[in-house]
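S.K.: Numbering (our numbering), first residue to last: 1336 to 1883. Note that beta-carbon positions come from the ideal geometry of N, C-alpha and C, so glycine has one too. Here the structure is a predicted model, which is why all the values come from computation and not from measurement. Before we start, here is the structure in question, set down as structure tokens.
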């Protein structure tokens, strides 16, 4: 799984979560309750009215307000947001010793009803949670809810259909992303009409030019929409969009606004064509930079990517979780250091003036030391993580791993030609061209050399190799972790296992070789024991194996 955020203090002030619950009546002393935190529509209106009186920016919709509220540092302020947790599933349960127990019910609906008896706000039966006898009845129930969604207390964009029997759920199992025993039934997207009044062109960190339509503000699915992505030139041409057009909007999943079409039958002749810029619209260098569009690509791009705005976006991505994963190094910090003149390229991340940072407001010795430690730690990242951090167009984690596995160091890619890329079937000619362009620029190679001099790993490591080619102490093994580890986080344990040559699985199956158990392991331990072919290691045994 993915480690989330610590919000216990905020959860305590959500009234629909009981401070005490009699799980022990069924011999349960440790339990996982899954749910979703929401804000009622009427409460959302009140909250925005209060914010308007205080001169604070309004929330766009209840979903954003709920997510933002959970991350607040002051539980008293969270309490004022009047959040509601809808508990929809009883997950892991354990005894006093932390041993996993079977859920004491045969059906999901029974467990949900029990959670309600314990004091949790759950989907009410049979109005919100209904046990249906067949798929026809289930679909009819969904269609009925779609008709009355506007009168419901909360914003909803669909229903979830689940198999009720826990035994059948167990047999269906999970993919790496979701249970096979549940499926979403999405309602039709809400629609509205408004006028396209202007188009602005934005430049992303990889140089892609994105047209953004500016709209006459319109209310749609609980949010006020004033801008919408027009994606690329082809999107505009296919819909014959013009400035001044009346357009039909919808919100996919009640979240992302999308232009369906222009209402051409109401044009009056005053509409103007949307003209793509010939040169980079945000270039702040002395020479204008002509945009390019390659054959087979939908996007126009700025090939230079050296202006301040692009540099800032690249730096934000470089330190992010999807980049070098430097803990605590967020966007606001990058912007602040950029304003101070300390950050201008990737190498600057590793020569920050920590003594000067301590003098800035909002920083103390402890926070600066934490930042320094996180930056130093990132120097040991595998090569594929460095590659995916460089903002090379279309080079994400998958492509980065394919490349890192085939070079001794990052500089070897500067020697690759089109023929060399053809050896990798998963990489097409467009991505190959993007990589070659990046490594042909001397400025990029200079920064990579500086990173190397500053101690950043630029060589292929064991972790960059496919599992079958690794030679570490766990080479060829598959591994899985369960329970609370004491000496490392789950993320750190996974990284250690991969560096030792193992492949980390997402669940217990016949393919699993080793299960590492921490404190209070879950149902994975029971399943592994039932298989009989899985080695069970403690955390200490795992550390002993990888250090051998």
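State the DSSP-derived secondary structure class of residue 1677, mapped to helix, strand or coil.
M.R.: Looking at residue 1677 - three-state DSSP - the assignment turns out to be coil, as it is neither helix nor strand.
S.K.: So the alpha helix (DSSP H) residue 1397 belongs to, where does it begin and stop?
M.R.: Residues 1397-1405.
S.K.: Give me the Cα-Cα distance between residue 1401 and residue 1413, rounded to the nearest whole angstrom.
M.R.: The alpha-carbon atoms of residue 1401 and residue 1413 are separated by roughly 9 Å.
S.K.: Would you give the residue range spanned by the beta strand (DSSP E) that residue 1554 belongs to?
M.R.: Start and end: 1544-1555.
S.K.: I want to know whether the region 1809-1819 touches the region 1779-1787 - three or more CB-CB distances under 8 Å.
M.R.: In short, these stretches do not touch, since the Cβ pair count stays below three.
S.K.: Once DSSP output is grouped into helix, strand and coil, what is the label at residue 1585?
M.R.: Note: residue 1585 maps to strand in three-state DSSP.
S.K.: Is it right to say residue 1482 is buried, meaning 16 or more other beta carbons lie within 10 angstroms of its own, or is it exposed?
M.R.: With fewer than 16 other Cβ atoms within 10 Å, it is exposed.
S.K.: Specify, as a first and last residue, the run of the beta strand (DSSP E) that residue 1531 falls within.
M.R.: First-last of the beta strand (DSSP E) with residue 1531: 1526-1538.
S.K.: Alpha helix (DSSP H) containing residue 1654: first to last residue?
M.R.: 1643-1654 is the span of the alpha helix (DSSP H), which, as asked, contains residue 1654.
S.K.: Secondary structure at residue 1494, three-state DSSP: helix, strand or coil?
M.R.: Here residue 1494 sits in strand by DSSP.
S.K.: Would you kindly work out how many angstroms separate the C-alpha atoms of residue 1422 and residue 1518, rounded to a whole number?
M.R.: In a straight line, the C-alpha of residue 1422 is about 18 Å away from that of residue 1518.
S.K.: To the nearest angstrom, how far is the alpha carbon of residue 1603 from that of residue 1577?
M.R.: Approximately 12 Å, taken between the alpha carbons.
S.K.: Measure how close the beta-carbons of residue 1464 and residue 1444 come, nearest whole angstrom, since I'm counting them as under 8 Å.
M.R.: Their Cβ separation, rounded to whole angstroms, is 7 Å, which keeps residue 1464 and residue 1444 in contact under 8 Å.
S.K.: Relative to the ligand FAD, is the shortest distance from any of its heavy atoms to the C-beta of residue 1786 smaller than 8 Å?
M.R.: In terms of ligand content, the structure shown is empty, and the ligand FAD therefore cannot be addressed.
S.K.: Can you give me the C-alpha to C-alpha distance between residue 1506 and residue 1461, rounded to a whole angstrom?
M.R.: If you take the alpha carbons of residue 1506 and residue 1461, they lie about 26 Å apart.
S.K.: For the alpha helix (DSSP H) containing residue 1735, list its first residue and its last residue.
M.R.: Counting along the chain, the alpha helix (DSSP H) containing residue 1735 begins and ends at 1732-1739.
S.K.: So, is residue 1567 buried or exposed, given that buried needs 16 or more other C-beta atoms within 10 angstroms?
M.R.: Looking at its Cβ environment, which holds 16 or more other Cβ atoms inside 10 Å, residue 1567 is buried.
S.K.: Are the region 1536-1555 and the region 1518-1527 touching by the rule of at least three beta carbon pairs closer than 8 Å?
M.R.: The region 1536-1555, when compared against the region 1518-1527, does touch it at the 8 Å Cβ threshold.
S.K.: In the DSSP output, what is residue 1442 paired with across the bridge?
M.R.: Note: residue 1442 sits in a beta bridge opposite 1500.
S.K.: Assign residue 1592 to buried or exposed, taking buried as 16 or more other Cβ atoms, counted over all protein chains shown, within 10 Å of its Cβ.
M.R.: Counting Cβ neighbours within 10 Å, residue 1592 comes out buried, since at least 16 surround it.
S.K.: Taking residue 1689 as part of the alpha helix (DSSP H), name the residues at either end of that continuous run.
M.R.: It spans 1689-1693 - the alpha helix (DSSP H) in which residue 1689 sits, taken as one unbroken run.
S.K.: With H, G and I counted as helix, E and B as strand and the rest as coil, what does DSSP make of residue 1794?
M.R.: Strand at residue 1794.
S.K.: Across which residues does DSSP place residue 1559 in a beta bridge pair?
M.R.: DSSP, once it has assigned bridges, lists 1554 as partnering residue 1559.
S.K.: Take residue 1579 as the anchor and find which of 1565, 1587 and 1549 has the nearest alpha-carbon.
M.R.: Of the candidates 1565, 1587 and 1549, the one whose C-alpha sits nearest the C-alpha of residue 1579 is 1549.
S.K.: Give the straight-line distance between the Cα atoms of residue 1863 and residue 1807, rounded to the nearest whole angstrom.
M.R.: So the two alpha carbons sit approximately 24 Å from each other.
S.K.: On the DSSP letters alone, give me the boundaries of the beta strand (DSSP E) that residue 1367 sits inside.
M.R.: Segment 1365-1373, the beta strand (DSSP E) holding residue 1367.
S.K.: Is it the case that the region 1730-1745 contacts the region 1675-1690, given that we only count it when at least three CB pairs across the two stretches are under 8 Å?
M.R.: Contact fails: fewer than three Cβ-Cβ distances are below 8 Å.
S.K.: Could you name the residues of the same chain whose beta carbon sits closer than 7 Å to that of residue 1737, not counting the 5 residues immediately before and after it, in chain order?
M.R.: Around residue 1737: 1759, 1761 and 1762.
S.K.: Going by other Cβ atoms of all chains shown within 10 Å of its Cβ, with 16 needed for buried, is residue 1661 buried or exposed?
M.R.: Per the 10 Å Cβ criterion, buried.
S.K.: Can you tell me whether DSSP reads residue 1819 as helix, strand or coil?
M.R.: Residue 1819 falls in the strand class under three-state DSSP.
S.K.: Are the beta-carbon atoms belonging to residue 1356 and residue 1453 less than 9 Å from one another?
M.R.: In this structure, residue 1453 lies closer than 9 Å to residue 1356 by Cβ.
S.K.: For residue 1909, is the classification buried or exposed, using 16 other Cβ atoms within 10 angstroms of its Cβ as the cut-off for buried?
M.R.: Beyond the ends of the chain as shown, which are 1336 and 1883, falls residue 1909; an answer cannot be given.
S.K.: I need the straight-line Cα distance from residue 1429 to residue 1504, nearest angstrom please.
M.R.: Going from the Cα of residue 1429 to the Cα of residue 1504 covers about 19 Å.
S.K.: Mapping the DSSP letters down to three states, classify residue 1729 as helix, strand or coil.
M.R.: Note: residue 1729 maps to coil in three-state DSSP.
S.K.: Would you say residue 1673 and residue 1695 are within 9 Å of each other, going by their C-beta atoms?
M.R.: Cβ atoms of residue 1673 and residue 1695: not closer than 9 Å.
S.K.: Which residue's Cα is closest to the Cα of residue 1869: 1861, 1847 and 1620?
M.R.: Taking only the C-alpha atoms, the option nearest residue 1869 is 1847.
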